[in-house]
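Report on the structure given below.
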Amino acid sequence: MKKLNFNEMVVLNPLQTRYQLFSSRVLVPRYVATSDGIYRANIGKRMKAFTGVFGTVIGIAVLAFIALFGMFMVYFGLSTSFSYPIYWIPTLIGVGITVGSVFGIIKLIKIGKRFGKNINDIEGELVVPWSQVKTIVVMNTRQENVANRPSSILNIIAPTYKQIGDWHVLTVDGREIVIPFVDDPYNKLNYVKNRFNLNL
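Using my numbering, read the sequence shown as starting at 93 and increasing by one per residue.
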């Protein structure tokens, strides 16, 4: 596994819409092209970091709501505790809830920062180096609706089409590696050739 830099790679088959997050397209490996070859990206680690950051944000929001509830209890208890000493109990409980929530928010921020460091890291496993690639053939091109509007009805009424195809990477030893769902496959192939100075 090699750590990949986002500035030095070209993602070959990204997800096109947020709706594909809930389809079988999620199970297709993501491939990236770099200066030394084609890699299969390990997005599981990145998704784990994203889930961790998302979970900490939700946790902070919940704890902030609980802290506000604790402050309300303190306010209610202090406003009536001078008349009725029994209301010191909700005041003390409110102070405990507020202090505990603030402590929890501080801890979650630290955890979120730790997850946030890993969210931009991506690792990849080398599938084929450029020295082993004989040629790349684009096959199975088709038009797919990649409209990404909030309403799925609008996406059907006014679709936005994009050309999607499969790269068939033929190696010098006779293997064939299929990279499915490459968006704009012909232009992306030309871009990769020009960017990495390839003679395929």
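Where is the CB? At the ideal position from N, CA and C, for every residue including glycine.
Where DSSP assigns a beta bridge to Met231, which residues make up the other side?
In DSSP, Met231 forms a bridge with Asp258.
Considering only DSSP beta bridges, list what Arg132 is partnered with.
Looking at the DSSP assignment, Arg132 forms a beta bridge with Tyr123, Glu217.
To the nearest whole angstrom, what separates the beta carbons of Ile271 and Asn105, a pair I think is in contact under 8 Å?
Yes, Ile271 and Asn105 are in contact; Cβ-Cβ is about 6 Å, under 8 Å.
Which of the three DSSP states is assigned to Val194 in this structure?
In this structure, Val194 counts as helix in the three-state DSSP scheme.
How is Phe288 classed by DSSP in three states: helix, strand or coil?
Correct three-state label for Phe288: coil.
Return the CA-CA distance between Asn240 and Asp275, expressed in angstroms with no decimal places.
Those two C-alpha atoms are separated by around 15 Å.
Tell me Lys94's beta-bridge partners as DSSP assigns them.
Paired residue(s): Gly216.
With burial defined as no fewer than 16 other Cβ atoms inside 10 Å of the residue's Cβ, what is the status of Gly216: buried or exposed?
Looking at its Cβ environment, which holds 16 or more other Cβ atoms inside 10 Å, Gly216 is buried.
With DSSP collapsed to three states, give me the class of Val270.
Strand at Val270.
Within 10 angstroms of the Cβ of Tyr123, are there 16 or more other Cβ atoms? Answer buried if so, exposed if not.
With 16 or more other Cβ atoms within 10 Å, it is buried.
Might you give, ordered along the chain, the residues of its own chain that have their beta carbon closer than 8 Å to the beta carbon of Gln235, omitting 5 neighbours on each side?
Once the five neighbours on either side are set aside, the close Cβ partners of Gln235 are Tyr253, Lys254, Gln255, Ile256.
What whole-angstrom Cβ distance do Ala141 and Ile197 have, given they're in contact under 8 Å?
With a Cβ gap of about 20 Å, Ala141 and Ile197 do not count as contacting.
Taking the beta carbon of Val284 as the centre, do at least 16 other beta carbons fall within 10 Å, making it buried, or is it exposed?
Counting Cβ neighbours within 10 Å, Val284 comes out buried, since at least 16 surround it.
So, Leu292 versus Ile201, is the Cβ gap smaller than 7 Å?
Contact flag unset, no.
Just to check my reading of the structure: Gly169 and Pro177 have Cβ atoms closer than 8 Å, yes? What is that Cβ distance to the nearest angstrom?
At roughly 11 Å, the Cβ-Cβ gap does not stay under 8 Å, so Gly169 and Pro177 are not in contact.
Between Ile143 and Val238, what straight-line distance do the alpha-carbon atoms span, to the nearest angstrom?
Position check: residue 143 holds Thr in this sequence, whereas Ile was assumed. The straight-line gap from Cα to Cα measures roughly 25 Å.
On the criterion of 16 or more Cβ atoms from any shown chain inside 10 Å, does Phe146 qualify as buried, or is it exposed?
It is exposed - the Cβ of Phe146 has fewer than 16 other Cβ atoms within 10 Å.
Would you say Arg132 and Val264 are within 7 Å of each other, going by their C-beta atoms?
It is not a contact, given that the beta carbons lie outside the stated cut-off.
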